[in-house]
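With the numbering used here, the residue at position 31 of the sequence shown is 35, and numbering never jumps. Cβ coordinates follow ideal geometry from the N, Cα and C atoms, glycine included. See below for the structure under consideration.
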Amino acid sequence: MQSETRAPEGWPNEPRAVTGPDGDPDIFVLAGAPAEQRGLRLGARVLPLRRWMAGRHATVGAEVAVTASLLDRLPTGPTAVIVVAPDVPVFSVVDQVLPAAHGMLAGKPAQAGSLTLGVASPRPVHPGTAARLAMYNQHLEALPEAVVECVVAARRCGLVTAHGNCVLLLQPFVPAGASAVVHASPARHRPVLVDCRWGVTETSSPADTFEVPVDGPVSEKLAWKPTAHVVAPGGTRTVRLPVRCSDRYSLALETVRRLATVSRDAAVATGRSLSLDIAVGPRGPVVLRCRPTRE
Numbered sequence: 005m006q007s008e009t010r011a012p013e014g015w016p017n018e019p020r021a022v023t024g025p026d027g028d029p030d031i032f033v034l035a036g037a038p039a040e041q042r043g044l045r046l047g048a049r050v051l052p053l054r055r056w057m058a059g060r061h062a063t064v065g066a067e068v069a070v071t072a073s074l075l076d077r078l079p080t081g082p083t084a085v086i087v088v089a090p091d092v093p094v095f096s097v098v099d100q101v102l103p104a105a106h107g108m109l110a111g112k113p114a115q116a117g118s119l120t121l122g123v124a125s126p127r128p129v130h131p132g133t134a135a136r137l138a139m140y141n142q143h144l145e146a147l148p149e150a151v152v153e154c155v156v157a158a159r160r161c162g163l164v165t166a167h168g169n170c171v172l173l174l175q176p177f178v179p180a181g182a183s184a185v186v187h188a189s190p191a192r193h194r195p196v197l198v199d200c201r202w203g204v205t206e207t208s209s210p211a212d213t214f215e216v217p218v219d220g221p222v223s224e225k226l227a228w229k230p231t232a233h234v235v236a237p238g239g240t241r242t243v244r245l246p247v248r249c250s251d252r253y254s255l256a257l258e259t260v261r262r263l264a265t266v267s268r269d270a271a272v273a274t275g276r277s278l279s280l281d282i283a284v285g286p287r288g289p290v291v292l293r294c295r296p297t298r299e
């Protein structure tokens, strides 16, 4: 891992790619130093999500560190981690950050596609806080404004790491037919809780609920789901569901059991309770977010 305390005069005069511990490029983006200082300083870093981040809570925060420790256990998708240094005017670096981040996901920055941008949680969260400060189905041309908005909101809400960094996650958008929020504890006596709904996750949308114990029958509760949040140009929109979907479970019991097993195994591996946001798309489940939760 490259040092983040290097003197300003030691940084190059343009964005620089440095090979990281796994052979992946870490992109360093420079920013103007505060008025009382001279020269340039580190403004942001763009990194692919990799396992070496597991021990870097102060730099990347609890969510990224915990997710990084579980990459071999969870069905995650490609993720670019954007680390914006404290007190940096984000609009001054966004035009350099985004091509690097998108290039890590698509291979070539010119390959446009829908993306999801979210603020990574620097500390353990309360269960049930899914979908906050997340923007689904964003196109590349809308991302500069979205990045600035996310950083400003995160700083205003105190969502920064111990080093003062604001950390964003940029991922390819998963067109979810259904989605789930899973709460799993490493304690065997606690059932895994699964809330699922049609479309993408929104905290305001009704959800079917399941309690999945280690042994024994699954407890189910069907919700009346008159609406769902689905893909729309540049984001999502709310649509009315036909009756055949409103009074039907949004996920099959077999899928619920599989999500519960994967989530419980992850919680046992980390030794702490987790909240996972999962999109169930055409290629199967994808874990979008994995946050440690407060007990």
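Rounded distance between the beta-carbons of ALA180 and VAL204, thought under 8 Å: Here residue 204 corresponds to residue number 200 of the sequence shown, with the count starting at 1. Here residue 180 corresponds to residue number 176 of the sequence shown, with the count starting at 1. The Cβ separation is near 5 Å, so the contact holds.
Does HIS187 come out as helix, strand or coil in the three-state DSSP assignment? Locating residue 187 in the sequence shown gives position 183, counting from the first residue. Strand.
Here's a check: name, in chain order, each residue in its chain whose Cβ is nearer than 7 Å to the Cβ of LEU263, leaving out the five neighbours to either side. What you label residue 263 is simply residue 259 of the sequence shown in a count that begins at 1. Same-chain partners within the cutoff: ALA184, VAL186, VAL198, ILE282, PRO289.
Cβ neighbours of LYS112 in the same chain (closer than 6 Å, five flanking residues each side left out): Your numbering for residue 112 matches position 108 in the sequence shown. At LYS112 the pLDDT is 42, less than 50, meaning the model places this residue with poor confidence and gives no usable figure here.
Assuming PRO309 and MET108 are in contact, meaning their beta carbons sit under 8 Å apart, how far apart are those beta carbons, in whole angstroms? No information on residue 309 is available, as it lies outside the stretch 5 to 299 that the chain covers here.
Sort ARG194, SER250, GLY238 by Cα distance to LEU278 and report the nearest one. Indexing the sequence shown from 1 puts residue 278 at position 274. Closest by alpha carbon: ARG194.
Please state whether DSSP places ARG295 in a helix, a strand or coil. Here the question's residue 295 lines up with position 291 in the sequence shown. In this structure, ARG295 counts as strand in the three-state DSSP scheme.
Just mark ASP212 as buried or exposed, buried being the case when its beta carbon has 16 or more other beta carbons within 10 Å. In the sequence shown, the residue the question calls residue 212 occupies position 208. The residue in question, ASP212, is buried, as its Cβ has 16 or more Cβ neighbours within 10 Å.
Label ASP30 either buried or exposed according to how many other C-beta atoms from any shown protein chain fall within 10 Å of its C-beta, with 16 as the threshold for buried. Locating residue 30 in the sequence shown gives position 26, where the first residue counts as 1. Buried, because 16 or more other Cβ atoms sit within 10 Å of the Cβ of ASP30.
Figure out for me which residue from THR71, LEU174, ARG77 has the closest Cα to the Cα of GLY122. Position 118 of the sequence shown, counted from the start, is the residue given in the question as residue 122. Nearest option by C-alpha distance: LEU174.
ASP269 lies in the alpha helix (DSSP H); which residues open and close that run? Working through the sequence shown from its first residue, we reach residue 269 at position 265. Here the alpha helix (DSSP H) through ASP269 covers 257-274.
So, under 8 Å CB-CB, SER118 and GLN142 are touching, yes? Tell me the CB distance rounded to an integer number of Å. Here residue 118 is taken as the residue at index 114 of the sequence shown, counted from 1. Here residue 142 is taken as the residue at index 138 of the sequence shown, counted from 1. Rounded, the Cβ-Cβ distance is 7 Å, consistent with contact.
Please return the same chain residues whose Cβ sits closer than 8 Å to the Cβ of THR2, not counting the five positions on each side in sequence. Given a span of 5 to 299 for the chain in the structure shown, any question on residue 2 remains unanswerable.
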